[in-house]
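Just below is one structure, and these are the notes that go with it.
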């Protein structure tokens with residue numbers, strides 16, 4: 210059995226551990242979590258990092274016949290013998306399934322989805338563009354809430370290449386829905402639009418709201434990201450706009466400027 214290393218790309222996922230195992234009479238609520246899954250055609254099966262299993266207290270199932278991990282040339286790797294697996298409900302933007310994963314050291318990856326997973330779901334993969342389309346009959350019958358095409362990436366927020374969900378009239382412009390397009394400024398035009406104040410007018414100072422430590426960290430992160438992208442620049446104005454934060458459904462913070 211090999212955790213392999215051939216053609217690879219990463220997908221962002223959400224996992225909810227199943228609550229029962231044959232070894233435990235009681236059940237408890239394991240926390241749902243998000244992470245990165247490495248789709249790897251060089252791996253033979255599905256693997257989950259042992260540290261995640263430990264951290265989220267995911268119930269494990271002891272295997273009747275332990276297996277040894279090997280690299281492609283047959284040499285055994287340091288991870289040694291695999292003797293436990295876990296049952297997970299994993300979702301990748303509308304593609305949901307229950308799978309069994311071997312518990313081992315998967316390096317920098319939370320989950321490795323190998324050939325057994327690829328053969329089962331048979332997704333269409335464009336390696337050059339990093340697109341994964343779950344369009345097999347198996348997925349349509351068993352896994353899909355809708356028929357997404359997913360764009361693999363390296364950012365915490367997975368971009369959804371929503372070609373399959375767009376009305377036909379908009380599909381020609383599907384690229385504008387990706388994060389790469391949304392974070393770019395449009396080409397500079399020959400006209401510069403200024404905001405002129407009324408002669409003699411004096412701007413009023415707005416209220417400055419207090420923020421928590423977490424909100425302050427998010428504020429600095431947001432400002433640095435916007436500066437790096439060229440969307441904003443240091444202001445010379447003596448005035449400042451107050452900032453408030455609204456919590457999203459996923460627990461993250463949305464920054465809002467109160468003009």
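Numbering (my numbering), first residue to last: 210 to 468.
Each residue gets a CB set at the ideal place from its N, CA and C atoms; glycine is no exception.
Please name the residue or residues paired with residue 294 in a DSSP beta bridge. Here residue 294 is taken as the residue at index 85 of the chain shown, counted from 1. Residue 294 has 270 and 311 as its beta-bridge partners, per DSSP.
Run of the alpha helix (DSSP H) containing residue 432, from where it starts to where it stops: Mapped onto the chain shown, residue 432 falls at position 223. 422-438 is the span of the alpha helix (DSSP H), which, as asked, contains residue 432.
Hey, how far is the Cα of residue 307 from the Cα of residue 299? Indexing the chain shown from 1 puts residue 307 at position 98. Indexing the chain shown from 1 puts residue 299 at position 90. For residue 307 and residue 299, the distance between alpha carbons rounds to 6 Å.
Would you report the Cα separation of residue 320 and residue 246, rounded to the nearest angstrom? Here residue 320 is taken as the residue at index 111 of the chain shown, counted from 1. Here residue 246 is taken as the residue at index 37 of the chain shown, counted from 1. Distance between the alpha carbons of residue 320 and residue 246: 5 Å.
Can you list, in chain order, the residues of its chain with a C-beta nearer than 7 Å to that of residue 293? Leave out the 5 residues immediately preceding and following it. Along the chain shown, read from residue 1 onward, the residue named residue 293 stands at position 84. Taking C-beta separations shorter than 7 Å and ignoring five residues to either side along the sequence, the partners of residue 293 in its chain run 269, 270, 271, 272 and 312, following chain order.
Host beta strand (DSSP E) of residue 261 (start-end): By one-based count along the chain shown, residue 261 stands at place 52. Residue 261 -> not in any beta strand (DSSP E); alpha helix (DSSP H) instead, spanning 259-264.
From the DSSP secondary-structure annotation, give me the bridge partner or partners of residue 160. The structure shown does not extend to residue 160, since the chain spans only 210 to 468, so no value can be given for it.
Between the C-alpha atoms of residue 397 and residue 439, what's the straight-line distance to the nearest angstrom? On the chain shown, residue 397 is found 188 positions in, with the first residue counted as 1. On the chain shown, residue 439 is found 230 positions in, with the first residue counted as 1. Between the alpha carbons of residue 397 and residue 439 lies a gap of roughly 13 Å.
Can you round the beta-carbon distance between residue 314 and residue 259 to whole angstroms, since I take them to be within the 8 Å contact cut? Taking the chain shown and counting its residues from 1, one reaches residue 314 at position 105. Taking the chain shown and counting its residues from 1, one reaches residue 259 at position 50. Confirmed, Cβ separation roughly 6 Å.
Using the Cβ count rule (16 or more neighbours within 10 Å means buried), how would you classify residue 406? Locating residue 406 in the chain shown gives position 197, where the first residue counts as 1. Exposed, by the Cβ-count rule.
Using the three-state DSSP reduction, which class does residue 461 fall into: helix, strand or coil? Against the chain shown, residue 461 aligns to sequence position 252. Coil at residue 461, not helix or strand.
Please classify residue 323: is it buried, with 16 or more other beta-carbons within 10 angstroms of its beta-carbon, or exposed? By 1-based counting over the chain shown, the position of residue 323 is 114. With 16 or more Cβ atoms within 10 Å of its Cβ, residue 323 is classed as buried.
With a threshold of 8 Å between beta carbons, is residue 248 in contact with chain C? Reference to chain C is not applicable here, since this structure consists of a single protein chain.
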